[in-house]
Amino acid sequence: MSDRESNGVDFVRARVAEDVKNGRFGGKVQTRWPPEPNGYIHLGHAKGIWLSFGIAEEFGGACKLRFDDTNPTKESVEFVEAIKEDVAWLGYEWEEVVFASDYYEQLYDWALTLIRDGKAYVDSLSREEISSFRGTPTEPGRNSPFRERPVQENLELFERMRAGEFPDGTHVLRARIDMAHPNLNMRDPVMYRILHARHHRTADRWCIYPTYDWAHGQSDSIEGVTHSICGLEFENHRPLYDWFLDQLGVWHPQQVEYNNLNMTYTLQSKRNLRAMVEEGIVNGWDDPRMPTIRGIRRRGYTPQSIREFLVRVGVSKTEIMVDRGLLDFCLREELNRTARRVMVVLDPVKVVITNYDEGATETFHAEENPEDPAAGSRPLTFSREIYIERDDFMEDPPKKFFRLAEGREVRLKHACYITCNEVVKDAGGTVTELRCTYDPESRGGTTPDGRKVKGTLHWVNAADAVPVEVRLFDHLFTREDMVNLGDRDFREFLNPGSRTVLTGAMAEPGVRGLRPGERCQLLRHGYFVADESDSEPGRPVLNRITGLRDSWAKASGRS
RNA sequence: UGUCCCAUGGUGUAACGGUAGCACUACGGAAUUUGGCUCCGUCUGUGGGGGUUCGAAUCCUCCUGGGACAGCCA
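Take the first sequence: its position 117, counting from 1, is numbered 116 in numbering that gives the first Met the number 0, and each next residue is one higher.
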């Protein structure tokens, strides 16, 4: 797959390329993508996936999917399976699936090595004491009274920790570095804590678990990782990452940090995402409005459009807030080329063509995709009664309204010209029917006299129209920056119109053939996907992925 | 009053020390059987002060602004 921009290479790739060129790591590239299986992954994760898997792919290397399962209290197999599915859906193939827990024994042995070397010790301070002994960013920490424990005692205590002789929180194993270090991560970081918890893979074989800092770099080393690509938030951890590897004298990967992806109108913190699901603000983790991979998948975005989006966003070390519109642009760009066109009237109003014979019928041919002649065409039945969009008619049309009005002529897409002669309304003044005449000469959409019409409307034949449910989605929030909320709550910015369900829509018969997950363009409306969960055979539920660019909406000041 | 990181149009991202470019957005126009697509055009940028240099977005320095770090989370 070619995800590379022709012009310019991001700094991560530049760095990898340089290492390859210089023969560092033997010219090899080995990466890993290390999620913690404690939740569903989202678009932010997709960037990390794209980088780690993408770079390995581009440089002829390999990438492992490694679950960083060092905290049994929050992790589960359910998430392991979900994450595998999501990565695969994005289009990436892992060299193999591995787990940090596969390395627990090796990690333990290495911890023993550090203890013997006087580089680690068992601390018996309470959690609170450890915290207060750590100092603050501006004040140095203080040594624990247990810091000078003899090696033998540390060894014995550590073994007893593993043996389960102590309750949670009574002891930890710490690296012995420098309690006055200006980088807080270097102030004797915790390597192991006691957790009598059942692990989703190792069950109850362990009751001490390695921390991220202790497990991560060493796992990378075991796998022969060359470039350990992670978020900017781990920048301050790199000195510690390097320290452990140096003490052990083992394979030493290069950690490289990139900027995480933030998008306008979207919230990506796991905690808040969870809250939205639990509070019923959205309908589950795969709600089409969610930024989770499952959500954007159900919404209808394609893996290719996501990758293209990532390419266009690029990589740097600046904190960013990307315009969500860019994702939509990428989706439209792809689907414009590949999606079939379909006519669906969202809010129908009946049109009776008074000079068309009752009971008569004729067939027009409509191109499936004007951008792709090879896609061919489909037949469309036309008759005396059809539906058009209620919005496509106005009684008192403003200056630049190019659609139907009394006395005006418009084209019905792929069919003919019609002119409106009479408006029928109910007692409440609502338009119930438009009585029009058509020009038999205009069959096919043009007339011999070459006269032009300003508007072309989509329509469906009343006799064989099929009712479909259509769901329109919009931003979940009304505020662009949902990352820096200060002391405000995300619930203050919920968009009440983020989901609209239309039940009166009428579609051309062909929509019955839409398979769940299949995408199409509803002419003049936007790109839609047949919902993967709620569509039934012959009766698709259509999710709007994104609308078409709509210069009329802008000009007329509507949404 | 610590360490580390960052700073180019509205947004994102380029530019061996040598013409600040590309994309998205916005706006204008052309064309149009989708008010889509396409095509053409326009607006907006190197955070500030010093220094090095023939020449600085780029190198040095100070400042300003922003961010990360005080979990036995990752």
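We treat Cβ as the ideally placed atom computed from N, Cα and C, and that holds for glycine.
A Cβ-Cβ separation of about 5 Å places residue 264 in contact with residue 323 under the 8 Å criterion. In terms of Cα proximity to residue 110, the closest of 527, 405, 440, 214 is 214. Between residue 435 and residue 351, the C-beta gap is smaller than 9 Å, which places the two residues in contact. Excluding the 5 residues flanking it on each side, residue 364 has same chain C-beta neighbours closer than 8 Å at 376, 377, 378, 379, 413, in chain order. Separation of residue 309 and residue 48 (C-alpha to C-alpha, rounded to the nearest whole angstrom) is 10 Å. Annotation for residue 224: 29, 30, 31, 252 place their beta carbon closer than 7 Å to its own, counting only its chain and skipping 5 residues before and after. Inclusion of residue 185 and residue 172 in the CB contact set at 9 Å is not warranted, their separation being larger than that value.
When beta bridges are read from the DSSP output, residue 315 appears opposite no residue. When 181, 193, 129, 39 are compared, the shortest CA-CA separation from residue 156 is found for 193. Inclusion of residue 506 and residue 344 in the CB contact set at 9 Å is warranted, their separation being smaller than that value. Contact between residue 325 and residue 311 holds: CB atoms are separated by about 6 Å, below the 8 Å threshold. Here the C-alpha atom of residue 187 lies approximately 24 Å from the C-alpha atom of residue 164.
In the three-state scheme derived from DSSP, where H, G and I count as helix and E and B as strand, residue 240 is classed as helix. By the neighbour-count criterion, in which a residue is buried when 16 or more other Cβ atoms sit within 10 angstroms of its Cβ, residue 46 is buried. Between the C-alpha atoms of residue 178 and residue 496 there is a straight-line separation of about 53 Å. Counting C-beta pairs closer than 8 Å gives fewer than three between the region 484-502 and the region 514-527, which falls short of the contact rule. Judged by DSSP in its simplified three-state form, residue 275 adopts helix. In terms of Cα proximity to residue 450, the closest of 459, 458, 456, 440 is 440. Between the region 416-432 and the region 385-398, the count of C-beta pairs closer than 8 Å reaches three or more; the two stretches touch. Looking at 140, 118, 136, 120, the one whose alpha-carbon comes closest to that of residue 128 is 140. In this structure residue 41 is buried. Its beta-carbon is surrounded by 16 or more other beta-carbon atoms within 10 angstroms.
Around the beta carbon of residue 254, 16 or more other beta carbons sit within 10 angstroms, so the residue counts as buried.
Listed as beta-bridge partners of residue 121 by DSSP are 172.
Leaving aside the five residues that flank residue 302 on each side, the residues in its chain whose CB is nearer than 7 Å to its CB run, in chain order, 88, 89, 90.
DSSP places residue 365 in the strand class (E or B) of the three-state scheme. Under DSSP, residue 542 takes part in a beta bridge, and its partners are 470, 528.
Per DSSP, residue 160 is not a residue of any beta strand (DSSP E); the alpha helix (DSSP H) it occupies stretches across 150-162. DSSP, read as helix, strand or coil, puts residue 552 in helix. Under the 10 Å beta carbon count, residue 150 is surrounded by fewer than 16 other beta carbons and is classified as exposed. Around the beta carbon of residue 125, a 10 Å sphere encloses fewer than 16 other beta carbons of the protein chains shown; the residue is thus reported as exposed.
Check the Cα spacing between residue 460 and each of 398, 382, 483, 484: the tightest is with 382. DSSP, reduced to helix, strand and coil, places residue 210 outside both helices and strands of the structure shown, so it counts as coil.
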